[in-house]
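Order-wise, the sequence lines are chains A and B. Each residue of the first sequence is one higher than the one before, starting from 132 at the first, in my numbering. Each residue of the second sequence is one higher than the one before, starting from 4 at the first, in my numbering. A short write-up of the structure that comes next.
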Amino acid sequence: EAQVTQNPRYLITVTGKKLTVTCSQNMNHEYMSWYRQDPGLGLRQIYYSMNVEVTDKGDVPEGYKVSRKEKRNFPLILESPSPNQTSLYFCASSPGTGVSYEQYFGPGTRLTVT
Amino acid sequence: AQSVTQLGSHVSVSEGALVLLRCNYSSSVPPYLFWYVQYPNQGLQLLLKYTSAATLVKGINGFEAEFKKSETSFHLTKPSAHMSDAAEYFCAVSEDNQGGKLIFGQGTELSVKP
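Right, here's the structure in full:
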């Protein structure tokens, strides 16, 4: 089944404890993105990647890191999480190269930082 | 800069009534426009997309949207609401024809009353 998977789905952590949220897609998509969803703000892009080893900042990159060492994986790293990073996070992928324009979303990761 | 405005953070309709969710965008170039739906505790699912072909776009579950360049609008409609349509709906715009970056509106929560 074609899908985007994220792990974990739920995470509660404390301020300053490094964490990684994994994202994987099995559709051979070139583009991958991370978004955070907050009430009243919709989804805002954190980082995106157009291909392996190519990443770029989105609209709200502060406090986050990403890497794209393999085409299928795009982990989101919070080196020192803070309470204002409590949010619902979505990974998404897209075929790119004009084949199709929509993004396919994972199920989400709900993060709470205390 | 691109932006998306969804009028009304919450819309309530009766079962069988017309659904109208409003979306206005700003873009310096011909945009690609999307409507996504998010059911409780799930990721986002594409409802429909406009990619400069027909201005009236039909999507899944009986939804459709019309691109009106003169009004910079892309409103979502459904002739007859069903209880299962209760969800949050997001309008999004992209100037990137490769699906790399989406700008989302704030979201509209649709309630359907029996």
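Backbone N, C-alpha and C define an ideal beta-carbon position, used for all residues, glycine too. Here the structure is a predicted model, which means the values were calculated and not measured.
query: Cα-Cα separation, VAL22 (chain B) to CYS94 (chain B); result: 15 Å
query: Burial state of THR58 (chain B) (16 or more Cβ within 10 Å); result: exposed
query: Simplified DSSP state of GLN109 (chain B), which is helix, strand or coil; result: coil
query: Beta strand (DSSP E) runs contained entirely in the stretch 195 to 224 of chain A, provided each spans 3 or more residues; result: 207 to 209
query: Buried or exposed by the 16-neighbour rule on C-beta atoms within 10 Å, applied to ARG167 (chain A); result: buried
query: Positions along the stretch 166 to 184 of chain A whose CB lies within less than 9 Å of some CB in chain B; result: TYR166, GLN168, PRO170, GLY171, LEU172, GLY173, LEU174, ARG175, GLN176, TYR179, SER180, MET181
query: Exposure of ILE63 (chain B), with buried meaning 16 or more beta-carbon neighbours within 10 Å; result: exposed
query: Selection from B:VAL40, B:ALA20, B:ALA4 that minimises the alpha carbon distance to SER29 (chain B); result: B:ALA4
query: LEU59 (chain B): contacting residues in chain A (beta-carbon distance under 9 Å); result: Simply none; closest approach about 18 Å.
query: Buried versus exposed, by CB contacts within 10 Å (16 or more), ARG140 (chain A); result: exposed
query: CB contact check: LYS81 (chain B) to chain A, cutoff 8 Å; result: no
query: HIS85 (chain B) versus GLY46 (chain B): straight-line alpha-carbon distance, rounded; result: 20 Å
query: Pairwise C-alpha distance: LYS81 (chain B) and ARG241 (chain A); result: 31 Å
query: ASP190 (chain A), DSSP secondary structure in three states; result: coil
query: As assigned by DSSP and simplified to three states, the class of GLU184 (chain A); result: coil
query: Cβ distance (whole Å) where SER224 (chain A) is taken to contact TYR178 (chain A) below 8 Å; result: About 13 Å; that fails the 8 Å criterion.
query: Cβ distance (whole Å) where TYR220 (chain A) is taken to contact VAL135 (chain A) below 8 Å; result: The Cβ separation is near 12 Å, so there is no contact.
query: 8 Å Cβ cutoff met for PRO27 (chain B) and SER83 (chain B); result: The residue you asked about is not Pro; residue 27 (chain B) is Asn in the sequence shown. No, Cβ-Cβ distance for ASN27 (chain B) and SER83 (chain B) is not below 8 Å.
query: Three-state secondary structure (DSSP) of GLU74 (chain B); result: helix
query: Euclidean distance between Cα positions of VAL145 (chain A) and GLY194 (chain A); result: 15 Å
query: Cβ-based burial, ASP88 (chain B) [other Cβ within 10 Å; buried from 16]; result: buried
query: 8 Å Cβ cutoff met for GLN156 (chain A) and ARG199 (chain A); result: no
query: CB contact flag (ILE106 (chain B), SER6 (chain B), <8 Å); result: yes
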